[in-house]
Structure formats: structure tokens, C-alpha cells
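Each remark here refers to the structure printed beneath this line.
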Amino acid sequence: MAAAVPVSYHGAITKAECEAMLGKKNKNGAYLIRESETIQGAMCLCVYKQKVVYTYRVLKTHSGHYTLMTAGGIEETHFKNLEDLIRHYKKKNQGLAMHLRHSVKRKTAMLIKQPAEPQSMAEPQRMAEPQRMAEPQRMAEPQRMAEPQRMAEPQRMAEPEEPDYEEPDYENVSDTDYVEVLPE
2 MAAAVPVSYH GAITKAECEA MLGKKNKNGA YLIRESETIQ GAMCLCVYKQ KVVYTYRVLK
62 THSGHYTLMT AGGIEETHFK NLEDLIRHYK KKNQGLAMHL RHSVKRKTAM LIKQPAEPQS
122 MAEPQRMAEP QRMAEPQRMA EPQRMAEPQR MAEPQRMAEP EEPDYEEPDY ENVSDTDYVE
182 VLPE
């Protein structure tokens, strides 16, 4: 069975895509939830504040509740679902860089798949009926290949352009803190 997710859940988008979406919204408190790229099964709550995106890891506990990963010594708060988590962090002063204000909505509906329950050993599994093989098909006559065509002359690559700026020459800088010591 699959559970419905909030419209702010965007699934497996990259960190760069997330930052682009939040930057496009350009509102303090804009947020979305995405899949974590580094921890399988975890999600990220991403919040925009003054041109910076803050990312908080959302973990699902063994009991099925959601919690934000916290620093050591800070008590974790558990939520039954993502909607409750979002509702809680919409309140000011809950530990985020900015409280949640503007949901960045996805364009299509999504579902989070619940892990499949293992089948009990009491229920025997039915074997599938063997499939009857299809009749062999007669192969088509081989086709005659077309005449080979002459290859085009290789193109020369354009020379890379020099950058518009000059790289600093640190060895010949006169305003340096170093003093050259010569032997006497």
C-alpha cells in the first residue's frame, strides 16, 4: 500500500535542482522535501532563507514515525506523518534557520511506497503454470548492404580562448610578507 505525501514532496531530485527551485521562488521560508542523495530511505527538508538553502535530514523510525536528525544532546521530536512534521515546523522558534512559510509544490501527484510485508510461512506459494513456447519463426532473407559512403574530413577543434583575467604571479609580488635572505 502507498501513502499519500504532501505536495511539497518532490521525490528524487538533486540538491542542485532543489536549490534552483527554492531560489526561483526567492521567498524566505520557502521549503520542499526531497529524497536524500546520500542516505537511502532518508529525506531532506530544505528551507530557503536570504539566498541560502538549509537542509535538514528527515529520518523514518522503525515505528514508522518521522523525525529530524538533531545535534547531540537535543531531544528528537517524532511525528506520525510528514504533514504533522510540516505543521510543527511552520511555528516560529522550533530550531530551524527559518520557520516553514511557503510550500514549493510539485507539479504531479506522488506516492511513497510502503515496504512490502514478508509473506508468512504458513501460506504456501503457488507455482506459476509453465508457459508454452511459441512456434519458431522463419528468419527473413538476408538484406544486401548498401555501398559504403566516404567519410567526411575530420573537423579541427577550435583553440580554447584565453581567460579575460590574468592569473596572479605570486613569485614576483613585491607586496609580500616574505623577505629574501641572501648568504653573506
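In the numbering used here, the protein residues as written are 2 to 185. All residues carry an ideal CB built from backbone N, CA and C; glycine is no exception. Remember, it's a predicted structure, so these values are computed and weren't measured experimentally.
Apart from sequence neighbours up to five positions away, the residues of its chain that approach residue 105 with a beta-carbon distance below 8 Å are 9, 11, 22, 23, 26, 31, 32, 33, ordered along the chain. Taking C-beta atoms as the reference points, residue 43 and residue 60 count as a pair closer than 8 Å. Cα atoms of residue 91 and residue 97: separation of roughly 10 Å, rounded to the nearest angstrom. Inclusion of residue 20 and residue 48 in the CB contact set at 8 Å is not warranted, their separation being larger than that value. Secondary structure note for residue 83: its alpha helix (DSSP H) is the uninterrupted segment 83 to 90. In this structure, residue 16 and residue 38 form a Cβ contact; the two beta carbons are roughly 6 Å apart against a cut-off of 8 Å. The three-state secondary structure of residue 44, taken from DSSP, is strand. Residues 29, 30, 48, 49, 50, 55 of the same chain have their beta carbon placed closer than 8 Å to that of residue 99, with the five preceding and five following residues left out of the count. Shown here, residue 183 sits in coil according to DSSP, grouped into three states, outside any helix or strand. Nearest neighbour of residue 7 by Cα position, chosen from 108, 184, 183, turns out to be 108. Contact annotation: residue 95 and residue 103 have beta-carbon atoms that are not nearer than 8 Å. DSSP places residue 20 in the uninterrupted alpha helix (DSSP H) bounded by 16 to 26. It is roughly 12 Å from the alpha-carbon of residue 41 to the alpha-carbon of residue 35. Burial state of residue 75 is exposed, judged by a 10 Å Cβ sphere holding fewer than 16 other Cβ atoms. Judged by DSSP in its simplified three-state form, residue 97 adopts coil rather than helix or strand. Burial check for residue 183: the Cβ neighbour count within 10 Å stays below 16, so the residue is exposed. If you compare the alpha carbons of 14, 67, 101, 46 with that of residue 77, the shortest gap goes to 67.
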